[in-house]
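Q: A single structure is presented below for examination.
Residue numbers (UniProt numbering), protein chains in the order written: chain A, 1 to 307; chain B, 1 to 326; chain C, 1 to 545.
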């Protein structure tokens with residue numbers, strides 16, 4: 001077990017190098033970022049050339065990459081075009097986004113799994129149909145619209161929340177944005193749990209447990225749910241990273257200055273230093289999340305072992 | 001695509017692919033051969049394969065029939081939108097912008113003054129193609145790679161899993177701007193390819209997790225002890241049992257892929273005009289939801305019905321494949 | 001009201017919610033919310049793209065701050081756009097090429113340093129010097145010696161411009177490399193602001209909290225989230241701030257800022273999202289501004305492409321212009337926050353400044369029959385299909401481009417004659433323009449740097465000018481502009497520029513679409529809100545109740 005974890009952690013190194021290289025190349029392929037810095041005017045050629053030198057963009061890509069990696073190992077993630085060190089941007093954005101993601105994941109776990117269990121045990125009943133309809137609404141109405149309507153309703157009409165989140169973004173202000181962010185994933189978690197539960201409730205071990213006379217609650221939680229959670233856990237594991245990096249819409253609606261926004265800005269402005277820095281951290285998050293998921297497999301299903 | 005006449009040769013091939021995928025599963029399994037049954041095969045009469053059993057069940061399942069009919073309908077209007085819409089989706093008069101329903105225009109007009117009903121009907125082609133083909137591609141690539149990784153474990157698993165980690169890390173916005181901005185084609189295929197490229201890791205993960213659990217089951221161990229080949233174990237015993245979460249995720253993803261196409265269009269790299277799609281109409285109607293919700297309602301409703309049909313179909317197929325429900 | 005709603009939250013999570021309320025900003029519930037002359041205005045803001053140096057800020061968000069913390073030799077009157085002497089005692093010239101500048105005594109930077117002639121000369125030399133990476137460096141290009149500090153290629157051979165000479169504590173002379181009679185009027189632009197010596201001695205410290213000579217000082221600046229500006233009590237100028245300060249809050253989406261405004265959490269939003277324009281009257285109860293700004297939107301053509309620069313192409317371009325129903329688009333898509341253009345300048349110049357209503361004549365009036373005829377005579381749309389290229393990432397251009405194309409298509413009775421062609425990023429869009437990769441018309445917008453007719457014509461249509469994106473070239477136009485610049489009499493100069501504009505019209509060098517207005521909404525806590533001709537709010541004049 002310990003060796004397994006160590007091996008997995010060592011695998012981070014090639015992934016780290018691969019991901020940074022890939023992203024670096026992708027941002028580079030997008031072309032010359034300098035033209036975007038001069039507003040609606042053409043950049044004065046001399047200034048443009050000077051800026052290119054300043055940002056090292058006049059060098060070949062491989063050399064830019066090596067220089068960049070050299071700096072990264074010294075803990076220097078470079079600077080954004082507005083002169084702000086990328087490490088500062090990350091320090092400002094990641095804590096906020098992590099809080100938002102935690103809120104969203106908690107919603108997924110609590111609401112998603114609860115709804116999944118209920119609908120899985122009562123397939124075809126009104127509660128199942130209602131949840132299905134809600135699922136359809138969540139999938140077919142863009143997050144932008146649900147977010148906007150919730151914001152108008154709670155923030156302006158009823159005045160129970162502030163429509164925008166303050167720069168500090170404490171947990172209590174992130175409850176509504178977290179729910180909006182989680183909405184689509186909630187649909188996945190609910191249906192995954194529902195299917196798993198429906199599938200496993202006729203499994204032998206459940207029949208045995210019932211035959212033994214165990215209370216229904218205990219059968220559902222201890223036996224049925226535990227064995228049904230593997231696909232759900234897998235999904236949530238893959239979702240952590242996408243929630244962190246892909247919360248662009250939610251972050252915009254509630255004016256949260258998080259990772260999604262910084263990444264989006266960095267990409268549109270073709271600032272490779274910002275983008276590579278943020279994506280690298282996100283890839284590491286994926287690695288850790290997936291490692292945890294794999295370890296959880298063994299907890300949920302004792303037959304699975306890692307050597 | 002609109003440069004083709006409706007039902008032109010280029011489009012005829014698109015839609016049936018989606019339905020064909022479903023049919024293939026069933027007919028293949030129903031083919032001849034001794035086919036000893038699935039793990040918990042029971043019942044009377046001559047033993048049937050899991051797949052043919054499933055087909056037998058499906059034909060009698062009303063949910064399956066209804067959802068198939070809805071999907072068939074969607075396919076038909078994707079090929080021949082003019083069957084039910086006589087207008088032109090590109091003929092717009094700004095004077096009617098955001099107007100509500102009026103005679104001859106049952107769904108009203110959008111922000112550019114185009115007829116919402118006509119656009120919703122014509123939008124089906126691009127959206128259904130993107131949704132069905134991207135989902136099929138993601139599901140096939142993802143479940144094959146994920147299934148193999150989960151089944152064999154070890155180095156292959158490590159390699160594949162780390163590859164998915166890197167792919168997960170690529171932001172959709174960046175991938176779209178890099179890979180799609182060089183493409184000038186106004187068809188939906190670049191978008192489909194792009195979604196498959198970035199979408200398969202999630203299904204791969206799900207399939208891998210599922211296979212890892214299933215392969216520890218007694219019936220798999222039993223098959224192994226009986227000397228079943230790897231491919232036989234995977235196809236006959238593991239996949240049918242591991243496919244449920246893949247179907248669930250894929251049917252929901254179908255809806256999100258249709259919306260993703262709109263996101264890409266919003267970034268300027270999606271399906272190019274003059275192609276009409278639900279996604280484009282949904283995203284351009286979204287900011288105006290306060291004033292003219294009807295512009296959003298109809299394309300979003302069409303999307304919801306499509307997703308519903310596929311979710312129901314997926315549910316029915318999954319139930320049919322589950323031996324425990326028998 | 002806001003305080004009360006937060007009290008509900010506080011019940012749930014006491015400590016955190018208290019912080020939230022205090023930092024929630026300018027609403028009535030916040031601690032800084034005392035009214036009257038000390039009241040704080042909270043306003044929406046966007047993250048400036050470049051560091052906040054005067055010669056390195058070329059967009060409106062950074063411009064807002066510079067407008068509050070800097071004053072230069074001239075200032076454009078917020079109402080009339082006229083350039084008025086501010087720190088300049090006098091700027092005199094005999095030949096339109098050599099200027100004597102006298103700086104007023106008694107002005108200081110907010111750190112107490114006296115403003116002298118040197119404050120200006122050093123700042124301008126810094127802005128022009130190539131190695132300082134200032135994007136506004138070309139603003140100094142008319143000064144003699146600019147080529148030496150900012151050569152087109154290679155390394156600079158001097159650090160200061162030879163055309164600038166300090167002649168006394170408060171006086172300096174400027175020698176231009178060519179005659180430019182209206183040059184003094186360009187000095188209201190922020191790039192010409194004076195800089196304190198700390199800017200040069202401790203640049204990093206200055207950048208983290210810029211120091212200037214305007215009516216406000218920066219009290220705190222958290223990059224990416226907010227900037228707090230406070231009234232500078234000892235400000236020597238006549239335009240003292242009428243409020244206690246301004247909190248600029250960064251919004252990543254103006255729709256959120258608007259929602260915050262309607263919820264009472266924000267006092268001023270200076271960019272109302274297009275989708276909310278229909279609701280603005282009912283939401284804000286009339287607290288809404290829609291005033292002309294020095295911005296014109298046009299469609300430019302690639303003159304380097306034969307398809308668009310043939311013998312009869314002027315007819316084609318004019319025909320396209322006549323196929324665009326400007327009145328309908330500005331009304332429906334923009335809810336009248338744009339005005340159909342009838343010339344290539346802007347109404348904010350005023351008639352004396354060179355704006356001439358209707359200069360474009362019937363070429364800018366929607367006329368389907370005539371448009372069809374001209375397009376046909378011009379050889380038709382090249383290849384039967386054209387695109388209007390725009391960038392998709394900023395400024396929601398899709399809607400008006402689609403509407404414009406629909407208008408052209410309806411005129412031509414062809415649904416696919418014109419389609420919008422989005423480009424993912426602004427940088428990519430600009431790259432394609434500068435590398436001459438456009439195969440058809442593309443969007444162009446021009447926000448004036450200074451309210452002069454010269455600024456609407458020379459940079460855009462003069463042969464090889466810096467923002468002549470379509471590479472339009474006309475010897476006749478160039479000649480008229482040269483004559484106008486040499487003309488010392490303002491009225492005559494304006495007349496010559498208008499003649500040059502006639503060349504632009506006859507050639508239809510670019511299709512003028514509409515003049516853009518500035519729009520803003522404000523809360524009932526504040527009054528006397530106005531936008532200047534650059535569509536920037538006049539923060540100093542805002543009164544808090």
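All residues carry an ideal CB built from backbone N, CA and C; glycine is no exception.
1. For residue 162 of chain A, decide whether its Cβ has a neighbour in chain C, counting only Cβ atoms nearer than 9 Å.
2. Quick check on the burial criterion: 16 or more other C-beta atoms within 10 angstroms. Buried or exposed for residue 344 of chain C?
3. Would you mind reading off the limits of the beta strand (DSSP E) that contains residue 45 of chain C?
4. Under three-state DSSP, which class holds residue 463 of chain C?
5. Where DSSP assigns a beta bridge to residue 3 of chain A, which residues make up the other side?
6. Go through the segment 228-294 of chain C residue by residue and report every complete run of the beta strand (DSSP E) that reaches 3 residues or more, in order.
7. Given a cut-off of 9 Å, decide if residue 324 of chain C and residue 407 of chain C are closer than it, judged by their beta-carbon atoms.
8. Note down the Cα distance separating residue 378 of chain C from residue 314 of chain C, rounded to an integer number of angstroms.
9. Output yes if chain A places a C-beta closer than 9 Å to the C-beta of residue 397 of chain C; else output no.
10. So, residue 139 of chain C versus residue 212 of chain C, is the Cβ gap smaller than 9 Å?
11. Taking the alpha carbon of residue 244 of chain A as the point to measure from, which residue in A:222, A:185, A:76 has its own alpha carbon closest?
12. Can you name the start and end residues of the beta strand (DSSP E) that residue 514 of chain C belongs to?
13. At a CB-CB cut-off below 8 Å, which residues of chain A make contact with residue 329 of chain B?
14. Is it buried or exposed for residue 200 of chain C, if we count other Cβ within 10 angstroms and need 16 for buried?
15. Thinking C-alpha only, which one of C:189, C:215, C:228 is nearest residue 208 of chain C?
16. Let me confirm a value: residue 58 of chain A is counted as buried when at least 16 other C-beta atoms fall within 10 Å, else exposed. Which label applies?
17. Of the choices B:95, B:121, B:116, B:56, whose alpha-carbon is the least far from that of residue 79 of chain B?
18. How big is the Cα-Cα spacing for residue 3 of chain B and residue 90 of chain B?
19. So, for residue 386 of chain C: in the same chain, excluding its five sequence neighbours on each side, which residues have a beta-carbon less than 6 Å away from its beta-carbon?
20. Only counting runs of 3 or more residues, tell me where the beta strand (DSSP E) segments fall wholly within the segment 360-419 of chain C, in order along the chain.
21. Which residue marks the beginning of the alpha helix (DSSP H) containing residue 189 of chain B, and which one marks its end?
22. Is there at least one Cβ from chain A nearer than 9 Å to residue 130 of chain C's Cβ?
23. What separation, rounded to the nearest whole angstrom, lies between the Cα atoms of residue 83 of chain A and residue 542 of chain C?
24. DSSP on residue 564 of chain C, reduced to helix/strand/coil?
25. Between the segment 218-242 of chain A and chain D, which residues of the former have CB atoms less than 9 Å from a CB of the latter, in chain order?
26. Using 8 Å as the Cβ pair cut-off and three pairs as the minimum, do the segment 303-311 of chain B and the segment 69-77 of chain B touch?
27. Say whether chain C places a C-beta atom closer than 9 Å to the C-beta of residue 57 of chain A.
28. State the Cα-Cα distance for the pair residue 24 of chain B and residue 55 of chain B, rounded to the nearest angstrom.
29. Helix, strand or coil: which one does DSSP assign to residue 291 of chain B?
30. With 16 other CB atoms within 10 Å as the buried threshold, where does residue 6 of chain A fall?
31. In angstroms, rounded to a whole number, what distance separates the CA positions of residue 257 of chain C and residue 522 of chain C?
32. Against residue 245 of chain B, what residues of chain C qualify as contacts under a CB-to-CB distance less than 7 Å, listed in chain order?
33. Classify residue 167 of chain C: buried if its beta carbon has 16 or more other beta carbons within 10 angstroms, exposed otherwise.
34. Report buried or exposed for residue 158 of chain A, applying the criterion of at least 16 other Cβ atoms within 10 angstroms of its Cβ.
35. Does the segment 426-435 of chain C touch the segment 19-38 of chain A, meaning 3 or more C-beta pairs lie closer than 8 Å?
36. By the criterion of Cβ-Cβ separation under 8 Å, what are the contact partners of residue 257 of chain A in chain C?
A: Put simply:
1. To locate residue 162 of chain A, count along the first chain from 1; it is residue 162. Yes - at least one Cβ of chain C is within 9 Å of the one on residue 162 of chain A.
2. Counted from its first residue, the third chain places residue 344 of chain C at position 344. Buried: at least 16 other Cβ atoms inside 10 Å.
3. Mapped onto the third chain, residue 45 of chain C falls at position 45. Residue 45 of chain C -> beta strand (DSSP E) spans 40-45.
4. Here residue 463 of chain C refers to the residue found at position 463 of the third chain. It is coil, neither helix nor strand.
5. Position 3 of the first chain, counting from 1, holds the residue named residue 3 of chain A. Partner(s): none; residue 3 of chain A has no beta bridge.
6. 245-250
7. Taking the first residue of the third chain as 1, we reach residue 407 of chain C at position 407. Taking the first residue of the third chain as 1, we reach residue 324 of chain C at position 324. Yes, the Cβ-Cβ distance between residue 407 of chain C and residue 324 of chain C is below 9 Å.
8. Here the question's residue 378 of chain C lines up with position 378 in the third chain. Here the question's residue 314 of chain C lines up with position 314 in the third chain. In this structure, the alpha-carbon of residue 378 of chain C lies about 7 Å from that of residue 314 of chain C.
9. Here residue 397 of chain C refers to the residue found at position 397 of the third chain. Not one chain A Cβ lies under 9 Å of residue 397 of chain C.
10. For the purposes of this step, residue 139 of chain C is identified with residue 139 of the third chain, where counting begins at 1. For the purposes of this step, residue 212 of chain C is identified with residue 212 of the third chain, where counting begins at 1. No, the pair does not count as a contact, with Cβ atoms beyond the cut-off.
11. As a first step, residue 244 of chain A is located in the first chain; it is residue number 244 there, counting from the start. Measuring from the Cα of residue 244 of chain A, the nearest candidate turns out to be A:185.
12. Taking the first residue of the third chain as position 1, residue 514 of chain C is located at position 514. Where residue 514 of chain C is concerned, the enclosing beta strand (DSSP E) stretches over 510-522.
13. This structure cannot settle anything about residue 329 of chain B, because the visible part of chain B is limited to 1 through 326.
14. What you label residue 200 of chain C is simply residue 200 of the third chain in a count that begins at 1. That one is exposed.
15. Here the question's residue 208 of chain C lines up with position 208 in the third chain. Closest by alpha carbon: C:228.
16. Here the question's residue 58 of chain A lines up with position 58 in the first chain. Looking at its Cβ environment, which holds fewer than 16 other Cβ atoms inside 10 Å, residue 58 of chain A is exposed.
17. Numbered from 1 along the second chain, position 79 holds the residue referred to as residue 79 of chain B. Closest by alpha carbon: B:121.
18. Position 3 of the second chain, counting from 1, holds the residue named residue 3 of chain B. Position 90 of the second chain, counting from 1, holds the residue named residue 90 of chain B. Confidence at residue 3 of chain B is low in this model, with a pLDDT of 35, below 50, so its placement is unreliable and the value that follows should be read with caution. Roughly 12 Å between the two C-alpha positions.
19. Residue mapping note: residue 386 of chain C aligns to position 386 of the third chain, counting from 1. Listed in chain order, the non-local C-beta contacts of residue 386 of chain C below 6 Å within the same chain comprise 418, 440, local neighbours out to five positions each way being set aside.
20. 386-391
21. On the second chain, residue 189 of chain B is found 189 positions in, with the first residue counted as 1. Counting along the chain, the alpha helix (DSSP H) containing residue 189 of chain B begins and ends at 189-214.
22. The residue you call residue 130 of chain C lines up with position 130 of the third chain. Chain A, which has a Cβ nearer than 9 Å to the Cβ of residue 130 of chain C, makes this yes.
23. Against the first chain, residue 83 of chain A aligns to sequence position 83. Against the third chain, residue 542 of chain C aligns to sequence position 542. Rounded to the nearest angstrom, the two C-alpha atoms are 32 Å apart.
24. Nothing can be reported for residue 564 of chain C: it is not among the residues displayed for chain C, which extend from 1 to 545.
25. Protein chains in the displayed structure are A, B and C, and chain D is not among them.
26. yes
27. In the first chain, residue 57 of chain A corresponds to position 57, counting from 1. With 9 Å as the cut-off, residue 57 of chain A does not count as an interface residue toward chain C.
28. What you label residue 24 of chain B is simply residue 24 of the second chain in a count that begins at 1. What you label residue 55 of chain B is simply residue 55 of the second chain in a count that begins at 1. Its pLDDT being 31, under 50, residue 24 of chain B is placed unreliably in this model, and the coordinates cannot settle the point.
29. Here residue 291 of chain B refers to the residue found at position 291 of the second chain. Here residue 291 of chain B sits in coil by DSSP.
30. For the purposes of this step, residue 6 of chain A is taken as the residue at position 6 of the first chain. Under this definition residue 6 of chain A is an exposed residue.
31. Along the third chain, read from residue 1 onward, the residue named residue 257 of chain C stands at position 257. Along the third chain, read from residue 1 onward, the residue named residue 522 of chain C stands at position 522. Straight-line Cα distance between these residues: approximately 11 Å.
32. In the second chain, the residue the question calls residue 245 of chain B occupies position 245. The contacting residues do not exist; residue 245 of chain B stays about 35 Å from chain C at best.
33. One-based indexing of the third chain puts residue 167 of chain C at position 167. Residue 167 of chain C should be labelled exposed.
34. Here residue 158 of chain A is taken as the residue at index 158 of the first chain, counted from 1. So residue 158 of chain A ends up on the exposed side.
35. yes
36. Translated into positions along the first chain, residue 257 of chain A becomes position 257. From the beta-carbon of residue 257 of chain A, the residues of chain C found nearer than 8 Å are 224, 225, 250, 252.
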